[in-house]
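Asks: Below is one structure. I have some questions about it.
Protein chains: 2
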Amino acid sequence: MEQSPDERIRITYLLTLAEGEMPEARARAVALEQTVELPDGCYPRRIEEQVVGRLEALEQRGPGRWQAILSFAAALAGDGVPQLLNLVFGNVSFQRGVLVTGLELPSGVLRRFPGPRYGIAGIRAGCGGIRGRPLLCSAAKPQGLSPVELAELCGALAKGGIDIVKDDHGVTDQAAAPFRERVERCQGAVLEANAATGGSTLYFPHVTAPLGGLEERVTIARAAGCRGVLISPFLVGLDTIRWLAESTELMVLVHPTFSGTLLRGDHGIAPAVLFGRLVRPLGADAVIYVSAGGRFPISEQDCEAINTSLREPLDHVRPAFPVAGGGVDVERVPHWIDRYGVDTMFLVGSSLYAQADLETASRRLVEAVREHCDV
Amino acid sequence: MEQSPDERIRITYLLTLAEGEMPEARARAVALEQTVELPDGCYPRRIEEQVVGRLEALEQRGPGRWQAILSFAAALAGDGVPQLLNLVFGNVSFQRGVLVTGLELPSGVLRRFPGPRYGIAGIRAGCGGIRGRPLLCSAAKPQGLSPVELAELCGALAKGGIDIVKDDHGVTDQAAAPFRERVERCQGAVLEANAATGGSTLYFPHVTAPLGGLEERVTIARAAGCRGVLISPFLVGLDTIRWLAESTELMVLVHPTFSGTLLRGDHGIAPAVLFGRLVRPLGADAVIYVSAGGRFPISEQDCEAINTSLREPLDHVRPAFPVAGGGVDVERVPHWIDRYGVDTMFLVGSSLYAQADLETASRRLVEAVREHCDV
Chain E
64 MEQSPDERIR ITYLLTLAEG EMPEARARAV ALEQTVELPD GCYPRRIEEQ
114 VVGRLEALEQ RGPGRWQAIL SFAAALAGDG VPQLLNLVFG NVSFQRGVLV
164 TGLELPSGVL RRFPGPRYGI AGIRAGCGGI RGRPLLCSAA KPQGLSPVEL
214 AELCGALAKG GIDIVKDDHG VTDQAAAPFR ERVERCQGAV LEANAATGGS
264 TLYFPHVTAP LGGLEERVTI ARAAGCRGVL ISPFLVGLDT IRWLAESTEL
314 MVLVHPTFSG TLLRGDHGIA PAVLFGRLVR PLGADAVIYV SAGGRFPISE
364 QDCEAINTSL REPLDHVRPA FPVAGGGVDV ERVPHWIDRY GVDTMFLVGS
414 SLYAQADLET ASRRLVEAVR EHCDV
Chain B
64 MEQSPDERIR ITYLLTLAEG EMPEARARAV ALEQTVELPD GCYPRRIEEQ
114 VVGRLEALEQ RGPGRWQAIL SFAAALAGDG VPQLLNLVFG NVSFQRGVLV
164 TGLELPSGVL RRFPGPRYGI AGIRAGCGGI RGRPLLCSAA KPQGLSPVEL
214 AELCGALAKG GIDIVKDDHG VTDQAAAPFR ERVERCQGAV LEANAATGGS
264 TLYFPHVTAP LGGLEERVTI ARAAGCRGVL ISPFLVGLDT IRWLAESTEL
314 MVLVHPTFSG TLLRGDHGIA PAVLFGRLVR PLGADAVIYV SAGGRFPISE
364 QDCEAINTSL REPLDHVRPA FPVAGGGVDV ERVPHWIDRY GVDTMFLVGS
414 SLYAQADLET ASRRLVEAVR EHCDV
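Chains as they are written, first to last, in the working numbering: chain E, 64 to 438; chain B, 64 to 438.
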């Protein structure tokens, strides 16, 4: 937890001003709200220097739009992930027109977090050393199926050559498919398929659990031989990512469920900042996001920014896999490979399930991707 | 965890349709997204009956606005709070124009959660049996002060007669004020003030912690003699509320930091549903929200809906205290008592700190409230 006292966290906020608001005053309001929560002067003078956010730059970006760069002493986030989140977008979430468009964590803060243990290279290695093409991911679904039925789907996806088969994020520990039985059967089916095909498919169970239950699910998953897990950190706190990366040797695949309202319009956290700058250093090896061209509204530009943010150099933090999901169609995967590049994972579900035979549909997808990438 | 197989969770969604969208199709899309995440027919027929959300009612509510009531088998949320949250507003958070305006949890689901252990009556009793007036809450702030300085502020607020003194939500375990020393000193200062005045002020430390750290902070708080705690569950998962209510005998005060984007416009969760119908049954004794008339934009109507939702009869679940905060001015507290009623807690910070002497300012507020309520 050692860090230089001079290190500062730099956060870029794009402020959308209401009629008559002054940009300096709005930036100052953010700086106060995120730290002292008191009006100017209602605190000792040394707190101004040590605690209140410092306005580093203020620049107009359009009519009524101003970009403010604020810096904060790294010590303010000294208690880890929850307080970092609080500092970045805690109480200002109740204001209007505050969009976090940049986040620079100094080395001392980044080094407090484990970062991805595997990242792109490690997941590629875990999946049999695949190079030159994107990875393919799919889910055993829907919830309500029995462990035997889910395992059968896992087996079909694995036999078809899908690289990573995960649980659906709505599957946890319901009566229809209790966690332990499901994980053991699904992992067993994938290993059996690998043995039959010579493949290296991995199965990632969804371990999101009520407080106090995560450790047990991880233990069960590891005992079953799983190499990675799926977590929904927006339901249970982003710090679960850090914990998984630090406390286990599992690959960590992040599901974004419940995060949607953060990602809209002129108020929230820009997708590339949320999934890249914030989630990646915590220890996410791969991050699922809803992609353009699917069933949710998001721009291709935002998706490419997420991809960049997960892959670009960042101190000691390994590049993590962007996982484009949310309704990517099998037929369009080659198109998206050209757009997003090969260091992408494609999460394909519905358009595989819509075909008559899941194994054949999977195999066709894998072959199409191989052919497209010439590997 | 026993429940009738026929019990259903009813969720009301207000759908804002884009040009040309059909209300039935939008409602169906929500029902599928929240359960099977597959297109119609790409799953076994029994899943339609057992898992897919059922459209119970569909009604126009304005131009392009339709209210859809969907019901889901209670078993889908059988794994507790994270999966309940997933079911209510997981992946639909990535759609547009989906506002949760109602949530009815059947008795079997409500009884899985502890509900408030104290609620309004229990907190009143804990604060010396105060009746006939609202409770007054304030915070020791800002972060950056030392434990000695924070304790001095706690003492001043307690001597002035504030009923509940809490940590600021930005104060966790930073170097400036390490958790244990801060809690012991602040609690000590409040007890000392009580001994001097004959008062019954309570001190609630902020126990939000990285994963795995909550239990230790709770243990320290209890050992110091604290009767309640402050938690920021949107940073660390709503299930922390359930855990605190179930595993400790502490009063649970909820801070809403980071939840702001859920509460805006036509997409998210209506404040009364989020803080009342969802957070209250988990075990919140008191819930802070940003009030109209403060420094954040929210309508008085929304605030009154929150108040109602926290107080109204709900199965075995005790009424919880609405805590109006976010910049309520001391001078306006009598006004807000008339609007919100006496079963409210007022969280007053800045306008106390803006006065020369915190103890005197607190005493004047308490006296004004007593006079206004004739107690």
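No residue lacks a Cβ here, since even glycine has one placed at the ideal position from N, Cα and C. Given the structure is predicted, the values throughout are model-derived calculations rather than measurements.
Does the CB of residue 364 of chain E have a neighbour CB from chain B at under 8 Å?
Replies: No - not a single Cβ of chain B is within 8 Å of the one on residue 364 of chain E.
Asks: In the DSSP assignment, what are the bridge partners of residue 229 of chain B?
Replies: Looking at the DSSP assignment, residue 229 of chain B forms a beta bridge with B/202 and B/267.
Asks: Of all Cβ atoms in chain E, is any one closer than 8 Å to the Cβ of residue 423 of chain B?
Replies: Closer than 8 Å: no.
Asks: Compile a chain-ordered list of the residues in the stretch 396-415 of chain B whose CB is closer than 8 Å to at least one CB of chain E.
Replies: Cβ contacts with chain E: 412 and 413.
Asks: Mind reading off the beta-carbon distance from residue 143 of chain B to residue 273 of chain E? Whole number of angstroms is fine, and I expect it under 8 Å.
Replies: Yes, they are in contact, since the Cβ atoms of residue 143 of chain B and residue 273 of chain E sit about 4 Å apart, within 8 Å.
Asks: Between the stretch 91-109 of chain E and chain B, which residues of the former have CB atoms less than 7 Å from a CB of the latter, in chain order?
Replies: The stretch 91-109 of chain E vs chain B, Cβ under 7 Å: 98, 99, 100, 101, 102, 105 and 106.
Asks: Between which two residues does the beta strand (DSSP E) carrying residue 385 of chain E extend?
Replies: Run containing residue 385 of chain E: 384-388, per the beta strand (DSSP E) assignment.
Asks: Looking at C-beta atoms only, is the number of pairs between the stretch 394-403 of chain B and the stretch 317-329 of chain B that lie closer than 8 Å three or more?
Replies: Too few Cβ pairs lie closer than 8 Å, so no.
Asks: Are any of the Cβ atoms in chain B nearer than 8 Å to that of residue 353 of chain E?
Replies: Interface residue, yes.
Asks: Taking residue 285 of chain E as the reference, which of E/298, E/307, E/301 and E/302 has the closest Cα?
Replies: Of E/298, E/307, E/301 and E/302, the residue nearest in Cα terms is E/307.
Asks: Bridge partners of residue 165 of chain B, per DSSP?
Replies: According to DSSP, residue 165 of chain B bridges with B/75.
Asks: If we count the other Cβ atoms within 10 Å of its Cβ and call it buried at 16 or more, is residue 269 of chain E buried or exposed?
Replies: By the 10 Å Cβ count, residue 269 of chain E comes out buried.
Asks: Would you decide whether residue 240 of chain B is buried or exposed? Buried here means 16 or more other CB atoms lie within 10 Å of its CB.
Replies: Answer is buried; the Cβ neighbour count reaches 16.
Asks: Just how far apart, CA to CA, sit residue 427 of chain E and residue 372 of chain B?
Replies: The alpha-carbon atoms of residue 427 of chain E and residue 372 of chain B are separated by roughly 53 Å.
Asks: Quick one: residues in its chain with C-beta nearer than 7 Å to the C-beta of residue 115 of chain E, no 5 flanking neighbours on either side, listed in chain order?
Replies: Around residue 115 of chain E: 94, 95, 98 and 99.
Asks: From residue 158 of chain E to residue 164 of chain E, what distance separates their C-alpha atoms?
Replies: Roughly 16 Å separates the two Cα atoms.
Asks: For a test of the three-state rule: what should DSSP assign to residue 353 of chain E, helix, strand or coil?
Replies: Strand.
Asks: Rounding to the nearest angstrom, what Cα-Cα distance links residue 352 of chain B and residue 346 of chain B in this structure?
Replies: Using only the alpha carbons, I get a separation of about 16 Å.
Asks: Determine the chain B residues that contact residue 321 of chain E at a beta-carbon separation under 8 Å, and present them in chain order.
Replies: Here the neighbours are 148, 149, 152, 153 and 156.
Asks: I'd like to know whether the C-beta atoms of residue 438 of chain B and residue 196 of chain B end up nearer to each other than 8 Å.
Replies: Yes. Within cutoff.
Asks: By DSSP's criteria, residue 125 of chain B is part of a beta bridge. Which residues make up the other side?
Replies: Its beta-bridge partners are B/128.
Asks: Residue 93 of chain B lies in the alpha helix (DSSP H); which residues open and close that run?
Replies: Taken as a continuous stretch (DSSP letters only), the alpha helix (DSSP H) holding residue 93 of chain B covers 86-96.
Asks: With distance defined between alpha-carbon atoms, name the residue in E/316, E/296, E/191 and E/275 nearest to residue 56 of chain E.
Replies: Outside the shown range of chain E (64 to 438) lies residue 56 of chain E, about which nothing can therefore be said.
Asks: Would you verify that the beta carbon of residue 295 of chain E is, or is not, closer than 8 Å to some beta carbon of chain B?
Replies: Yes, residue 295 of chain E lies at the interface with chain B (some Cβ there is under 8 Å from its Cβ).
Asks: Report the three-state DSSP secondary structure of residue 440 of chain B (helix, strand or coil).
Replies: Lying before the first or after the last residue shown, residue 440 of chain B is absent from chain B, which here runs from 64 to 438.
Asks: Count the other C-beta atoms from every protein chain shown that fall within 10 angstroms of the C-beta of residue 282 of chain B, then say buried if there are 16 or more, exposed otherwise.
Replies: Residue 282 of chain B is exposed by the Cβ-count criterion.
Asks: Can you tell which of E/387, E/305 and E/381 has the C-alpha that lies nearest to the C-alpha of residue 185 of chain E?
Replies: When each option's Cα is compared against that of residue 185 of chain E, the closest is E/381.
Asks: Tell me residue 117 of chain B's beta-bridge partners as DSSP assigns them.
Replies: BP columns for residue 117 of chain B point to B/134.
Asks: Alpha carbon to alpha carbon, how far is residue 173 of chain B from residue 65 of chain B? Give it in angstroms, no decimals.
Replies: Low per-residue confidence applies at residue 65 of chain B: pLDDT is 46, beneath 50, and the placement is therefore not dependable, though the value from the model is reported in the following sentence. Residue 65 of chain B and residue 173 of chain B: Cα-Cα distance of roughly 12 Å.
Asks: Using C-beta distances below 7 Å, list every residue in its chain close to residue 87 of chain B, excluding the 5 sequence neighbours before and after it, in chain order.
Replies: Excluding sequence neighbours, residue 87 of chain B sits near 121.
Asks: Below 9 Å on C-beta distance, what does residue 389 of chain E contact in chain B?
Replies: Simply 154 and 157.
Asks: Closest to residue 420 of chain B by CA distance: which of B/167, B/202 and B/220 is it?
Replies: That would be B/220, whose Cα lies nearest to the Cα of residue 420 of chain B.
Asks: Establish whether the CB of residue 435 of chain E and some CB of chain B are separated by less than 8 Å.
Replies: No, its Cβ sits nowhere closer than 8 Å to a Cβ of chain B.
Asks: How is residue 304 of chain B classed by DSSP in three states: helix, strand or coil?
Replies: It is helical.
Asks: Just checking my contact of residue 298 of chain B with residue 257 of chain E at CB under 8 Å: how many whole Å lie between their CB atoms?
Replies: The Cβ separation is near 40 Å, so there is no contact.
Asks: What does the alpha-carbon distance come out to for the pair residue 429 of chain B and residue 294 of chain B?
Replies: Looking at the two C-alpha atoms, the distance is approximately 25 Å.
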